[in-house]
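All the letters of the sequence shown, read from the start, carry residue numbers 1 to 325 under the working numbering. Okay, so here's the structure we're looking at.
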Amino acid sequence: MNFEPDELLTALKDTAQRVAQDHLAARGPSHGASAASDAGFSAAQRAGLLELLDDAGESAAGPGEDSVGPMALGVVLDTLARSDTGLALYVWAQNVARAAASGADADLAERIGQGLRVGVPLDLELSDDGWWVACAAELGLHGEGEGWCLAAGEAGPRTSVGIDGADIGRRVSGPSSTAVSAPDLALAVASLGCIAAGVAARAVRVAATYARERQQFGHPIGDFQAIQFMLADARTGAEGAQLITLAACSRGELPASARALMAAASAARVAADVAVQVHGGAGYTRDYPAEALLRDSALLVQVARRRFEACALDPARTLGVVDHV
């Protein structure tokens, strides 16, 4: 399978990079986290990144047809997560919620596309209540059986996610809500894995940058073989995570998506651990991004493990055909 992006995917990737740059540029001494988040969310909306699932569930475009295909959301989320986890999660949630609402409530889907913020469901178990990253979300996407619903949330325990300070702690208050049709759950899970892959790549970049700058015994610590081995292992995992998650986006199979999410989240955790170790004691302080990456990756591992246990280990769905190499 060829994973080289075509012209349309390349253009989407470039657009996502510009949105991420706008988001990062909004951060500064005179701007708070809220202003930076608003700038990133507005840029994503203007760039059309909240409507990527409109065509994603359809087959790949034929000659002369304009369709982004199922990998578009994954490529965009991977790109955004290489700069900011909270922004990537926001774009992911808005796309999933819009796709869910479009089949039942066109007006609600339009409002979501125009920026009505939806909480990110980090519990993909479709249980009675879930955990959310709340970026001033008005609604939470909530699993109910095999379907979804959109409901107002209530405050819960708070934990910061990423250096933008998005909060976990918005929980769906109850089942009374607007029922919506189920989106492509396999693609939603696989694209969440793309966020984990982007976090892994960012952790490797952060670690490598610090290793080039930090001097010990008259040399950058990146010259030491032990550091080089750590960075090489982390980068191998990050690049593998990107490939397996994009492949899962194309396959559209829930067990494969769950395995890809677990692999990518594990790679992110390893890369974040390496970033903290390379930074030494400073890696645990908020003066450097390593500690935020460690929290992001730990959260993604927690989510991935639940989805993995729910569907990736089902023998009837994963062991029916065994390929011998």
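Glycine included, every Cβ here is placed at the ideal spot set by N, Cα and C. Bear in mind the structure is a predicted one, so any value in this text is a computation, not a measurement.
Here the alpha carbon of residue 283 sits roughly 30 Å from the alpha carbon of residue 190. DSSP, reduced to helix, strand and coil, places residue 151 within a strand of the structure shown. By alpha-carbon distance to residue 245, the top candidate from 269, 186 and 293 is 186.
Across the structure, residue 234 and residue 270 are spaced so that their CA atoms are roughly 6 Å apart.
DSSP places residue 139 in the strand class (E or B) of the three-state scheme. With contacts defined by Cβ atoms closer than 9 Å, residue 230 and residue 278 form a contacting pair. Three or more beta-carbon pairs separated by less than 8 Å are not found between the segment 285–296 and the segment 251–259, which leaves the two stretches without contact.
In the DSSP assignment, residue 85 falls within the alpha helix (DSSP H) that extends over 85–102.
Here residue 255 carries a helix assignment [DSSP, helix/strand/coil]. For the 9 Å CB-CB criterion, residue 114 and residue 44 do not form a contact.
Annotation: residue 81 to residue 192 spans about 10 Å, alpha carbon to alpha carbon.
A direct Cα-Cα distance of roughly 15 Å separates residue 264 from residue 309. For the options 112, 84 and 85, the alpha carbon positioned closest to that of residue 96 is the one of 112. Residue 107: member of the alpha helix (DSSP H) spanning 106–113, first to last residue. When DSSP states are grouped into helix, strand and coil, residue 69 belongs to the coil group.
For the pair residue 202 and residue 87, the CB atoms are not nearer than the 9 Å cut-off.
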